[in-house]
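Numbering (our numbering), first residue to last: 127 to 381.
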């Protein structure tokens, strides 16, 4: 009489066992996946932090090197800047635009100091990777333009196109980049004398007169004098506006 209910109960338990086992396995797999995801996020965050650290170290080393008057010490400092990126365990040279720009910048200066080397090629390669990941980098585009104009092309653009992309990326780039673009633009026929808007734009910001003259030294004497007059007129206009509004006309010089 009791055999059949017992068999039915046994069948029910046997069917429930796989379901229970399946749920247990699901929990185990889910925990494993969460652990893997957490580990991956931790590693990713560590890589980003390390890349930022290496980039910042490289920038400081490059800036210090460029301020050094001794050529050998400057070259050594630039190599240290590049090494800060190259030696990083996170390998930011492969994926971090800022680190790639540090390499391109450092190797670009070294190329001008050590002509018979592969520094120019290294600078071009790093610059290409940098603008591919972050196109709005005026110095990198200007550097590629300069190399291209010197007979060392890149895979992205010719000298004229690279230079135009630099201006499109950031109009008021750092003064060293701005001046380099003006000089190269004049060589390529893109900047036309003292009345060119890209020259006049420089007179509307607070640039020290000696820095302005160095920047437009590719112009003739009369044109340079015209630029100086334009700067003085702009300065007088700012002073008058400051007098009327009560605001100080003095700001940190553009450099």
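Glycine included, each C-beta is placed from N, C-alpha and C at the ideal position.
- Relative to the Cα of residue 260, the nearest Cα in the group 244, 224, 283, 247 belongs to 224.
- Three or more Cβ pairs drawn from the segment 323-332 and the segment 351-362 lie within less than 8 Å of each other, which places the two stretches in contact.
- In terms of Cβ geometry, residue 325 and residue 301 do not form a close pair [threshold 9 Å].
- Secondary structure of residue 215 (DSSP, three-state): coil.
- Secondary structure at residue 270: helix, using DSSP grouped into helix, strand and coil.
- Under the criterion of beta carbons closer than 8 Å, residue 275 and residue 314 qualify as touching, at roughly 7 Å.
- Segment contact: the segment 190-204 against the segment 227-239, three or more CB-CB distances shorter than 8 Å; contact assigned.
- For residue 221, the three-state secondary structure derived from DSSP is coil.
- Contact annotation: residue 293 and residue 264 have beta-carbon atoms nearer than 9 Å.
- In the three-state DSSP reduction, residue 244 falls in the coil class, being neither helix nor strand.
- Per DSSP, the continuous alpha helix (DSSP H) segment holding residue 361 begins and ends at 347-371.
- DSSP places residue 380 in no alpha helix (DSSP H); its state is neither H nor E.
- Counting only the Cα atoms, residue 175 lies some 11 Å from residue 215.
- Distance from residue 211 to residue 229 at the Cβ level is roughly 6 Å; contact confirmed, criterion being Cβ atoms closer than 8 Å.
- Residue burial is scored here from C-beta neighbours: residue 232 has at least 16 other C-beta atoms within 10 angstroms and is therefore classed as buried.
- A distance below 6 Å between beta-carbons, with the five flanking residues on each side excluded, links residue 299 to the following residues of its chain, in chain order: 264.
- Where residue 291 is concerned, the enclosing alpha helix (DSSP H) starts and stops at 285-295.
- Leaving aside the five residues that flank residue 205 on each side, the residues in its chain whose CB is nearer than 8 Å to its CB run, in chain order, 232, 236.
- For residue 194, the three-state secondary structure derived from DSSP is coil.
- Look at residue 186 here: in three-state DSSP terms it is helix.
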